[in-house]
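To start, the structure itself, in structure tokens.
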Amino acid sequence: MNKPHDHLFKSTFSDKQIARDYIQHFHPSQLTSHLDLNSLELSATSYVDSELKESLSDVVYFCKYGEEDF
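Taking our numbering, the leading residue of the sequence shown gets 5, the next gets one more, and so forth.
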């Protein structure tokens, strides 16, 4: 199945600078003031849980929130 919107989203938001700009401009400052956007790291898009069931995601980033990594 052809999903051009999915490809556009993934290719756009896989760019760390675009993701960072989006977060800064479209999320509330009460949240973004706690994020260390310099620590953004793109994560894998497929995961296997403890029961070995696979799940997929679009684009996932981890970053520091306050003193913690998420």
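For each residue, glycine too, the CB sits at the ideal point set by N, CA and C.
Can you look up Lys14 in the DSSP assignment and give me helix, strand or coil? In the sequence shown, residue 14 corresponds to position 10, counting from 1. Here Lys14 sits in helix by DSSP.
So Lys20 is in the alpha helix (DSSP H); what residue range does that whole segment cover? Stepping through the sequence shown from its first residue, residue 20 is reached at position 16. Counting along the chain, Lys20 sits inside the alpha helix (DSSP H) bounded by residues Lys20 to Phe30.
Original post:
Expressed to the nearest angstrom, what Euclidean distance is found between the alpha-carbon atoms of Ser37 and Ile27?
Top reply: Here residue 37 refers to the residue found at position 33 when the sequence shown is read from its first residue. Here residue 27 refers to the residue found at position 23 when the sequence shown is read from its first residue. Rounded to whole angstroms, the gap between the alpha carbons of Ser37 and Ile27 is 11 Å.
Reduced DSSP category for Ser43 - H, G, I as helix; E, B as strand; rest coil
As a first step, residue 43 must be located in the sequence shown, where it is residue number 39. Here Ser43 sits in strand by DSSP.
### Length of the line joining the Cα atoms of Ser16 and Glu55
In the sequence shown, the residue the question calls residue 16 occupies position 12. In the sequence shown, the residue the question calls residue 55 occupies position 51. The sequence shown places Thr at residue 16, rather than the Ser named in the question. Spanning the two alpha carbons is a distance of roughly 32 Å.
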